[in-house]
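Here the structure is laid out as structure tokens; the discussion comes afterwards.
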Amino acid sequence: MADDWKAKLTSYFEESRIIQTSIRETLDNFNHFCEFVVEPAFEALSEELQQFKIKTKLIRVKGRSIAIRINYANSRIANFLYIISLPKKSFELKLKLRIEGRKEKKSPCQERVEPFMKDVEYSDILNLDQNDIIKDIIEHYRNFNFDALSRE
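Each residue of the sequence shown is one higher than the last, beginning at 0 in numbering that gives the first Met the number 0.
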């Protein structure tokens, strides 16, 4: 019984080390996912949108977020932003998706935050490919703009 506190102390430091290691691994996995899956998906979509005279911009904050800004056609004004972010101190790839957009060029931005690809388990995020990302962006972009067109 007297040494029980020593075991608890040892356990605390081991658990703390595991959490810190998990946080580092999650950050590495997020950066890898952004570099090898999301960024190429954004670039492929950007190239395709050029045929519709729509410019885009890739915005990346290493270890924090990656975003694609899609402008209105023939404009520098942002119409839609799709932002994938890793919450601070995450030890699992429970990513957040923030959608920002304007219904019209002069209207204020609206923002919505939800889980990234809520139908995909966070343990399967690293199995996604570029096409999965592009399809998700298009679905959100389409839904946002159709909603903007059909509401006052």
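By construction, the Cβ of each residue, glycine as well, lies at the ideal position given by its N, Cα and C atoms. All of these numbers come straight from a predicted model, not from anything done at the bench.
| Query | Result |
| --- | --- |
| Closer than 7 Å by C-beta to E91: which residues in its own chain qualify, once you throw out the five before and the five after it? Chain order, please. | T25, Y121 |
| Per DSSP, what kind of secondary structure is I82 in: helix, strand or coil? | strand |
| Using the C-alpha atoms, what's the distance from K105 back to I136? | 23 Å |
| Taking the beta strand (DSSP E) that I53 belongs to, which residues open and close that run? | It is not in any beta strand (DSSP E) - I53 carries neither H nor E in the DSSP assignment. |
| Locate the beta strand (DSSP E) running through E99, then write down its first and last residues. | 95-100 |
| Contact defined as beta carbons within less than 8 Å: I believe A147 pairs with K102. What is the distance between those atoms, to the nearest angstrom? | 4 Å |
| Express the C-alpha separation of Y140 and E38 in angstroms, rounding to a whole number. | 17 Å |
| Between which two residues does the alpha helix (DSSP H) harbouring R63 extend? | R63 -> no alpha helix (DSSP H), and no H or E assigned at all. |
| Taking the continuous alpha helix (DSSP H) assigned at K138, which residues delimit it? | Checking the sequence, you will find Glu at residue 138 rather than Lys. That run of the alpha helix (DSSP H) goes 129-149. |
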